[in-house]
Structure formats: structure tokens, C-alpha cells
């Protein structure tokens, strides 16, 4: 992928994949007992899920949903 902002070069993403990843990697719970390294790691996982969800949304837009 040449440009990280180019969603057209991503392969199609399925809703089932998004749902599975969303369950496997929920947003990390922040608390004083959590180590910073763990929060960084969990936050990175969630960042990928968020990116894929956004890409899925763009891939499934059509002319009727665009503003």
C-alpha cells in the first residue's frame, strides 16, 4: 500500500471480521493497576480495529449515503 490514507487499495473487509475483532480486542480499561506497556499494547490492538472499522465503513458507502 503506497498511501496510508488510500482506502481504495485495501482488500474488501467483511462485517463478520469486524465483529470478531471488535469482540476479541475491546477498548482497554484504564486503571492505576494496569501497566503502561500493557495499555500501549492493548491500545495498539484497538487502533487496528478502529482503522478496519473505518475502512469497512468507507468501502460500504454508496452515493446515497455520501453527504
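In the numbering used here, the protein residues as written are 2 to 68. Every residue gets a Cβ at the ideal spot worked out from N, C-alpha and C, and that includes glycine.
7 Å Cβ cutoff met for residue i and residue j
i, j, result
"residue 58", "residue 26", "no"
"residue 56", "residue 14", "yes"
"residue 43", "residue 33", "no"
Nearest neighbour of residue i, chosen from the options [CA to CA]
i, options, result
"residue 24", "54, 34, 62 and 60", "54"
Burial state of residue i, where buried means 16 or more other Cβ atoms lie within 10 Å
i, result
"residue 2", "Confidence at residue 2 is low in this model, with a pLDDT of 44, below 50, so the placement of that residue should be treated as unreliable; the coordinate-derived value is given next. Label assigned to residue 2: exposed."
Only counting runs of 4 or more residues, tell me where the alpha helix (DSSP H) segments fall wholly within the segment 16 to 59, in order along the chain. 16 to 25
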